[in-house]
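Taking it in order: structure first as structure tokens, then the write-up.
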Amino acid sequence: MDPYKVLGVPASQVKHPSDIDKVRQRAKKLYKRFAAEKNKFQAKKVMEAFEMVQRNMKKIGEGAYKLLGRGRKERELDRHFNHQTKEIKKDRRVKRHLTKARRGEVHGEKRMHLPGDKERIPTFRRSKRRRRHKMSKIKKPNVDVLQGLERLAAVLPQRTKFPKVVKLLYRWTKEYMNVDNREYIFRVLNDVTKLPFLAEDSEGRQDVICVFEYVLSYNSLWFQEDEKRQMLGRAWQLATVTFCQCYTDDAFTLSSTIAKLNEAFALIEKSKPDIDAYLEEKQKRAAKHEAKVEASKLEAKMEAKLEVELLDPESDPTQEKIEAKEEDDKQVNGKKAKLALPVEPAPALSNGKHQPVDPKQEDGSDHEDFFGAGAAGADDDDETSEEEECSDDEELSDEEKEPKSKAKCIDLDSDAEGGEISSEAEESSIDVDEIESSSEAEEMSAFVFPVPCTEESLITIRKDFVERCLFTLFKNRGPLWARNKVDTFFQEIFYRRACLDKEQQTQVEAWQSRIKVLQKESEHKIGEANNILESGRPVVDSREMRQVVDADSNNWASKQTFDSREKSGARHVIR
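Going by my numbering, the final residue of the sequence shown carries number 808, and the count climbs one at a time with no gaps.
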């Protein structure tokens, strides 16, 4: 019996074990047909044929493992070869000779290689010392904790490596972060919040949330000490955690994220006068600093001209003075607005020569090491300049004067014979040491990571609120479950946009107008709205329910119900 003929399947199509499924389907079909016709003989024949096909597939010489046909000459050679191998196995002398030859050149004979034996070329034998050295694992050099953090900080700004490095940063914070080195990790995290590709990768977003939530909760007492630190914590929370949560695909998470954004926007509204006052002061300080720089440049030019006059007495001084005055008048007329503010005197002269201003200091760009003195950044230059200006005008209080006077007493009365004076000096020195030791830790922490002022943090919150969070929500308002929430939130922000700056207000207006256009262009079902005969949630009979299978996701489609009467045109029917 030919099984392939019984099943009606060509043998050429059944070569691989995966082809058995086709044969099985064919056998089932034939078996059901013969069973319906009550033809037991043919049904049994079909089952036997299928079992034969299965057996043939398991044979080595059949199916995918089928061997090529062998000729008469080849079979004769195989017979001779097999006969010789049997004789060799029986003869002990030949076996002994072969084993000796296999072991190597024992008696000056060349080594004989059998067909299954590979020729092994002996390699150079290493000495025992080298072998031991290789076997023992080479110890890796110990890396300091801060050195490891520095390496991570160097790789974090790279877009492609960021998702993997954030995982290592999270591991570093969990294993090595403590009260002593937290200023260093604060500085790294502050740079991370400014990265534009912070939330591009879906897995990287979860790691960013884990890192910042862990750091903010671990150092919660530090972030609650004063208003500056509180605002810094809020700025980090909004720029990272809330920003990453805006990409959510969960309705509950989106609602909680919008609630957090409402709180942040209320804070921005509340602190708008402080932000405006700070920006105005900052603008004045910048104008004052610019005027000071211009004045120092003019003074430097005047000093250079005076030096030239002193070195060249033969030149006509009157003509040079007239030219210098004309140039100064031109410069003063061109910079009238900037020089209208009060100008401080030029820097002092050393050895009769003016010290020119370093252009690097003017720009405020310091290129220091990772944890060096350049940690303060350009934001704190304004504060330091303010302190220097105010230090000349303000007088010291009585409490500040006391330690200085005591310290002077120690130096002046060091040779005095009175015991009272010496005891007072000792007490004062102990007090000074205690004050210095307590303030050293604060100075070091401020040196590594200076906390930005409250207004700077508020400006950062306002910027990230618009450029990151609102932009992400507008971009992800596509799904139906999110559209209503996002549109309502944008409507509220549009009405309260006065607390934002002009550029941000323009951006919010553009987003709101685009949302309105999309709402008008979307399809509306006629008869659903403004129909007094229909209830808000119509009752639908279970017999009229129908499920739609969606290729992408069934979540939305499975919730939809369709009334069969709508299809026939009877839409206005009391249900």
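We treat Cβ as the ideally placed atom computed from N, Cα and C, and that holds for glycine.
Integer Cβ distance of residue i from residue j, believed to fall under 8 Å
i: Ala260; j: Phe274; result: That pair is no contact at about 15 Å.
i: Phe723; j: Gln745; result: 6 Å
i: Val399; j: Leu422; result: Not really, about 11 Å apart at Cβ, beyond 8 Å.
i: Met535; j: Leu691; result: Going by Cβ atoms, the distance from Met535 to Leu691 rounds to 43 Å, so no, they are not a contact pair.
i: Phe698; j: Phe498; result: 7 Å
i: Ile694; j: Arg467; result: 6 Å
i: Tyr409; j: Val378; result: 5 Å
i: Ile726; j: Val750; result: That belief does not hold up - the Cβ atoms of Ile726 and Val750 are roughly 17 Å apart, past 8 Å.
i: Val425; j: Leu389; result: 6 Å
i: Val444; j: Thr406; result: 6 Å
Start and end residues, alpha helix (DSSP H) containing residue i
i: His313; result: 305-323
i: Glu408; result: 395-409
i: Lys373; result: Looking at the DSSP string, Lys373 is not in any alpha helix (DSSP H), and its letter there is neither H nor E.
i: Ala743; result: 735-754
i: Glu704; result: Inspection of the sequence shows that residue 704 is occupied by Phe rather than by Glu. Phe704 -> alpha helix (DSSP H) spans 704-708.
i: Lys255; result: 253-269
i: Phe727; result: 713-728
i: Lys238; result: 236-240
i: Asp459; result: Counting along the chain, Asp459 falls outside any alpha helix (DSSP H), and DSSP gives it neither H nor E.
i: Phe283; result: 273-291
i: Phe445; result: 435-451
i: Val425; result: 415-425
i: Arg695; result: 687-697
i: Lys383; result: The sequence shown places Glu at residue 383, not Lys. That run of the alpha helix (DSSP H) goes 378-388.
Reference residue i, options the options, closest by Cα
i: Val719; options: Arg729, Tyr728, Thr705; result: Thr705
i: Leu431; options: Asn375, Leu454, Ala472; result: Ala472
i: Arg415; options: Pro712, Arg716, Ser435, Ser453; result: Ser453
i: Met280; options: Ala524, Lys696, Gln258; result: Gln258
i: Lys292; options: Asn315, Lys262, Lys333, His249; result: His249
i: Tyr264; options: Lys255, Lys278, Ile508; result: Lys278
i: Gly711; options: Cys686, Gln752, Lys306; result: Gln752
i: Leu494; options: Ser504, Ala334, Cys732, Phe476; result: Phe476
i: Asp509; options: Val242, Arg305, Glu309, Cys732; result: Cys732
i: Leu402; options: Cys702, Glu383, Gln478; result: Glu383
i: Ser435; options: Ala468, Phe419, Trp469, Cys479; result: Cys479
i: Leu512; options: Thr687, Ser450, Asp413; result: Thr687
i: Leu713; options: Pro685, Asp482, Asp440; result: Asp482
i: Met234; options: Val286, Gln246, Asp413, Lys696; result: Val286
i: Phe267; options: Met290, Thr318, Arg420, Leu240; result: Leu240
i: Leu428; options: Lys407, Lys394, Tyr417, Tyr451; result: Lys394
i: Ser755; options: Asp254, Glu736, Arg716; result: Arg716
i: Thr490; options: Lys306, His316, Val474; result: Val474
i: Gln246; options: Ile442, Met290, Arg303; result: Met290
Closer than 7 Å: residue i CB and nearest the ligand ATP heavy atom
i: Ala715; result: As for the ligand ATP, it is missing from this structure, which has no ligand bound.
Any chain D beta carbon closer than 8 Å to residue i
i: Val684; result: The chain inventory of the structure shown lacks chain D, comprising one protein chain alone.
Exercise. Going along the chain, which unbroken runs of the alpha helix (DSSP H) with 4 or more residues stay wholly within the region 479-555?
Worked result: Whole alpha helix (DSSP H) segments, 4+ residues: 484-503, 505-544.
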